[in-house]
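See structure below.
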Amino acid sequence: MHYLFVYGTLRRTADHAMHQVLKNQAEWVADGSVPGKLYLVDWYPALISTTQHEERVQGEVYLLANPEKTFSELDPYEGYYPDDEAHSDYLRQQETVQLSDGSSVTAWVYVYNLPIIGLSQITSGDFMKR
């Protein structure tokens, strides 16, 4: 099974057109969080993974019905180029996501791959509460 953790414009409450990809191709599983820091790039957020669990980024977990199809649409939107990661805005990597019921799953997450200098941190860790 392939899960995807989303924390920004792909969330249900973000009211962004790209959420339709998940709505049509995936099943919402639960709210969840990952260790990390969240920054505001422009109108969208950037997740920086950390090993410290004090700061967490809030989001949603989806079960992907057809990962290849879903990623073929989401990767370009996220600026992730599997054949050219050095020039990608985000990297797609696997992280352990703690679900709202206390359980955890391993899910794909788009993690920011550019410098964060000059970006404002979203201290709540929740893009919807920025």
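Going by this note's numbering, the sequence shown opens with residue -13, and the numbers climb by one from there. Yeah, the Cβ is synthetic: ideal placement off N, Cα and C, and Gly gets one too. Computed from a prediction, not measured in an experiment: that's the story for all the values here.
**Message:** Measuring only from the beta carbon, is Val43 closer than 6 Å to any heavy atom that is part of the ligand SAH?
**Reply:** Absent from the structure shown: the ligand SAH. Ligands present: none.
**Asked** Going by DSSP, what residues sit across from Gly22 in a beta bridge?
**Response** Locating residue 22 in the sequence shown gives position 36, where the first residue counts as 1. Beta-bridge annotation (DSSP): Gly22 is paired with Ser35.
**Item:** Reference Leu(-10), options Pro53, Arg116, Leu33, Ser89, closest by Cα
**Value:** Position 4 of the sequence shown, counted from the start, is the residue given in the question as residue -10. Nearest option by C-alpha distance: Pro53.
**Message:** Determine whether the beta carbon atoms of Met4 and Leu(-4) lie at a separation below 7 Å.
**Reply:** Your numbering for residue 4 matches position 18 in the sequence shown. Your numbering for residue -4 matches position 10 in the sequence shown. Yes, the pair counts as a contact, with Cβ atoms nearer than the cut-off.
**Request:** Using DSSP bridges, identify the partner residues of Gly65.
**Result:** The residue labelled residue 65 in the question sits at position 79 within the sequence shown. Beta-bridge partners assigned by DSSP to Gly65: none are found.
**Item:** From Leu8, Gly22, His2, Gln11, residue whose alpha carbon lies closest to that of Ser110
**Value:** Position 124 of the sequence shown, counting from 1, holds the residue named residue 110. Checking every option, the nearest Cα to that of Ser110 belongs to Gly22.
**Message:** Considering Cα atoms alone, identify which of Ile102, Lys115, Met114 is closest to Val27.
**Reply:** Here residue 27 is taken as the residue at index 41 of the sequence shown, counted from 1. Out of Ile102, Lys115, Met114, Ile102 has the C-alpha closest to the C-alpha of Val27.
**Request:** Spell out the partners DSSP gives Thr92 in its beta bridges.
**Result:** If you number the sequence shown from 1, residue 92 lands on position 106. DSSP lists Thr82 as partners of Thr92.
**Item:** Helix, strand or coil at Tyr42 [DSSP, three-state]
**Value:** For this step, residue 42 is matched to residue 56 along the sequence shown. The sequence shown places Arg at residue 42, rather than the Tyr named in the question. The answer is strand: DSSP assigns Arg42 an E or B state.
**Asked** What first and last residue would you give for the alpha helix (DSSP H) that runs through Leu8?
**Response** Along the sequence shown, read from residue 1 onward, the residue named residue 8 stands at position 22. 5 to 11 is the extent of the alpha helix (DSSP H) around Leu8.
**Prompt:** Quick one: is Gln79 buried, meaning 16 or more other Cβ sit within 10 Å of its Cβ, or exposed?
**Reply:** Your numbering for residue 79 matches position 93 in the sequence shown. Gln79 should be labelled exposed.
**Same chain, Cβ closer than 6 Å to His2, five either side skipped, listed in chain order** = Counted from its first residue, the sequence shown places residue 2 at position 16. The residues are Thr(-5).
**Message:** Count Cβ pairs between the stretch 87 to 106 and the stretch 65 to 77 that sit closer than 8 Å; are there 3 or more?
**Reply:** Using a C-beta cut-off of 8 Å, the stretch 87 to 106 makes contact with the stretch 65 to 77, since at least three inter-stretch Cβ pairs fall below that distance.
**Prompt:** Should Asp75 and Leu50 be called a contact, given that it needs their Cβ atoms to be closer than 7 Å?
**Reply:** Looking up residue 75 in the sequence shown gives position 89. Looking up residue 50 in the sequence shown gives position 64. Taking 7 Å as the Cβ cut-off, Asp75 and Leu50 do not qualify as a contacting pair.
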